[in-house]
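Colleague: Here's a structure for you.
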Amino acid sequence: MRKAKTSINQKRKLISILFILPTFLLLFLFIIVPILYGFKISFQNYNIAMPASTRTFCGLANYKSVLSNPDFRHSFSWTLEFVVIAVTGTVFLAMLLALALNSPKVKGFIGRLVKTAFILPMMLCPLIVANIWYIIFAPNYGLVNSTLSRIQMSTISFFGDTFWARFAVLSVEFWWGTPYVMIILLAALTTVPAELLESAALEGANKLQVFFHVTLPCISNFVVLVVSIRLMDALRMFDISYALTEGGPAKSTQTLAYFIYETGFKYLKVGEASAAAFLLFSMIIIITFLFLKITDKLVPTDL
1 MRKAKTSINQ KRKLISILFI LPTFLLLFLF IIVPILYGFK ISFQNYNIAM
51 PASTRTFCGL ANYKSVLSNP DFRHSFSWTL EFVVIAVTGT VFLAMLLALA
101 LNSPKVKGFI GRLVKTAFIL PMMLCPLIVA NIWYIIFAPN YGLVNSTLSR
151 IQMSTISFFG DTFWARFAVL SVEFWWGTPY VMIILLAALT TVPAELLESA
201 ALEGANKLQV FFHVTLPCIS NFVVLVVSIR LMDALRMFDI SYALTEGGPA
251 KSTQTLAYFI YETGFKYLKV GEASAAAFLL FSMIIIITFL FLKITDKLVP
301 TDL
């Protein structure tokens, strides 16, 4: 009997492995292999416009060239600024919306309708979202400037002024990125024990005290999760800058991902683009790791 059970278990394990093997093969072929190949060419003098015979090992020359490039340093600075504003802004707005939609007053058909309306932006591709907002911010026929003209006010150059271009990019990011975070936080709020909220109310705690001392500790793991996701998303942001401002004006909205794209596909310096990509990859890993390490000590584990 034991041998028969062992044989059945082994067959089940083998079947399980066979089922997941195609997925692992696809991951290896389309993720691991390109990453390893990209890492390899980051040490080569690789230019698409040049013949393959000129593709030679150049050591750390690509990394030195990228790090000494003022455009890279500018993109690095704006990316960090964008990450701080985008992550804190979307999480803050999502928390406010989640708390509002979790209210007993927002129930029934109206409640579902409101939730659906807030969720709709995340259903759209970032490129489509950016194009929609381009129409809104357009200098001549855009909704914003048309409205300003009608009320006899000065129009705004959203794509010709550094401040307003960054404002436009961040506005689109808030509109598109907030709903996803809101859904997770809204689900998290349903896990807060009702008896804790009731006991806090009976003890005379106001809404702010209940939120900071009861609700937030209970959903802190979810907050860490959404911040981690938003960190990784914001660090590699490309679509919105590409479709809305094309990195301008004067490369003021050029993120690291856009710098990589421009270096590789516009200037055809694939070796330098790969080096920049691995610097960005390392940056994402380090920042996310440090964030998780810090929050691991701060987030309570006994709730």
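Quick note: the sequence shown uses my numbering, first residue 1, plus one each step. Ideal Cβ placement from N, Cα and C applies to all residues, glycine included. Small disclaimer: the values here were computed from a predicted structure and weren't measured.
Quick check on this structure: which residue in F211, G204, T88 has the alpha carbon closest to the alpha carbon of T178?
Modeller: When each option's Cα is compared against that of T178, the closest is T88.
Colleague: Determine the burial state of R112: buried for a count of at least 16 other Cβ atoms within 10 Å of its Cβ, exposed for fewer.
Modeller: Counting Cβ neighbours within 10 Å, R112 comes out exposed, since fewer than 16 surround it.
Colleague: What's the call for L97, buried or exposed, on a 16-neighbour Cβ count within 10 Å?
Modeller: By the 10 Å Cβ count, L97 comes out buried.
Colleague: Evaluate S323 with the Cβ neighbour count: other Cβ atoms within 10 Å of its Cβ, from every protein chain shown; 16 or more gives buried, anything less gives exposed.
Modeller: In the structure as shown, the chain begins at 1 and stops at 303. Residue 323 is therefore absent and cannot be evaluated.
Colleague: Where does L280 land, buried or exposed, given buried means 16+ other C-beta within 10 angstroms?
Modeller: L280 should be labelled buried.
Colleague: From the DSSP output, in three-state form, read off K105 for me.
Modeller: Three-state DSSP puts K105 in coil, outside helix and strand.
Colleague: Answer with buried or exposed for M237, where buried requires no fewer than 16 other C-beta atoms within 10 angstroms of its C-beta.
Modeller: M237 comes out buried.
Colleague: For G108, which residues from the same chain have a beta carbon less than 8 Å from its beta carbon, with the 5 sequence-adjacent residues on both sides left out?
Modeller: Correct list: empty, nothing qualifies.
Colleague: Can you give me the Cβ contacts of M95 inside the same chain, cut-off strictly under 7 Å, excluding the 5 residues immediately before and after it?
Modeller: Once the five neighbours on either side are set aside, the close Cβ partners of M95 are L185.
Colleague: So, for N131: in the same chain, excluding its five sequence neighbours on each side, which residues have a beta-carbon less than 7 Å away from its beta-carbon?
Modeller: The answer, listed in chain order, is A243.
Colleague: Looking only at its own chain, which residues have a Cβ that is under 7 Å from the Cβ of S241, when we skip the five neighbours before and after it?
Modeller: Within the same chain, S241 has close Cβ partners V169, G247, T253, Q254, T255, Y258.
Colleague: Need the endpoints of the alpha helix (DSSP H) that N62 sits in, please.
Modeller: 61-67 is the span of the alpha helix (DSSP H), which, as asked, contains N62.
Colleague: Does DSSP put F57 in a helix, a strand or coil?
Modeller: Strand at F57.
Colleague: Between F28, I15, P121, which lies nearest to V172 when the distance is taken from Cα to Cα?
Modeller: Here the closest residue by C-alpha is P121.
Colleague: Confirm, please, whether the CB-CB distance from S42 to S274 is below 8 Å.
Modeller: In contact: S274 and S42 (Cβ atoms closer than 8 Å).
Colleague: Leaving out the 5 sequence neighbours to the left and right, which residues in its chain are closer than 7 Å to E44 when beta-carbon positions are compared?
Modeller: Reading off the sequence shown, one finds Gln at residue 44, where the question assumed Glu. Around Q44: R55, T56, F57, C58, G271.
Colleague: If we count the other Cβ atoms within 10 Å of its Cβ and call it buried at 16 or more, is T116 buried or exposed?
Modeller: T116 comes out exposed.
Colleague: Determine which residues share a DSSP beta bridge with K269 and list them.
Modeller: According to DSSP, which records beta bridges pairwise, K269 is partnered with N47.
Colleague: Near P139, what residues of its chain come up, given a Cβ to Cβ distance below 8 Å and the 5 sequence neighbours on each side ignored?
Modeller: Excluding residues within five positions, the ones whose Cβ falls inside 8 Å are N145, T155, S157, F158, F159, G160.
Colleague: Could you tell me if V214 is buried or exposed, where buried requires 16 or more neighbouring beta carbons within 10 angstroms of its beta carbon?
Modeller: By the 10 Å Cβ count, V214 comes out buried.
Colleague: Extract the residue ranges of the alpha helix (DSSP H) inside the stretch 179-209, only unbroken runs of 4 or more that lie entirely within it.
Modeller: The qualifying runs are 194-202.
Colleague: Is the CB-CB distance between V226 and V181 below 8 Å?
Modeller: A contact, by the Cβ cut-off of 8 Å.
Colleague: Taking P126 as the reference, give the member of Y63, Y46, A234, L268 with the closest Cα.
Modeller: Among Y63, Y46, A234, L268, the Cα nearest to that of P126 belongs to A234.
Colleague: Give a yes or no on whether the C-beta atoms belonging to F174 and T288 are separated by under 8 Å.
Modeller: Not closer than 8 Å, so no.
Colleague: Drop a sphere of 10 angstroms on the beta-carbon of S75, count the other beta-carbons inside from all chains shown, and report buried for 16 or more, exposed for fewer.
Modeller: That one is buried.
Colleague: In the DSSP assignment, the alpha helix (DSSP H) including M232 goes from what residue to what residue?
Modeller: That run of the alpha helix (DSSP H) goes 216-235.
Colleague: For Q209 and I260, I'd like the C-alpha separation in whole angstroms.
Modeller: Taking the straight line joining both Cα atoms gives about 46 Å.
Colleague: Which residue comes first and which comes last in the alpha helix (DSSP H) that contains F137?
Modeller: 126-137 is the span of the alpha helix (DSSP H), which, as asked, contains F137.
Colleague: For E195, which of I183, C218, I15, W176 has the nearest alpha-carbon?
Modeller: Residue C218 is the option with its Cα nearest to E195.
Colleague: Is it buried or exposed for N62, if we count other Cβ within 10 angstroms and need 16 for buried?
Modeller: So N62 counts as buried.
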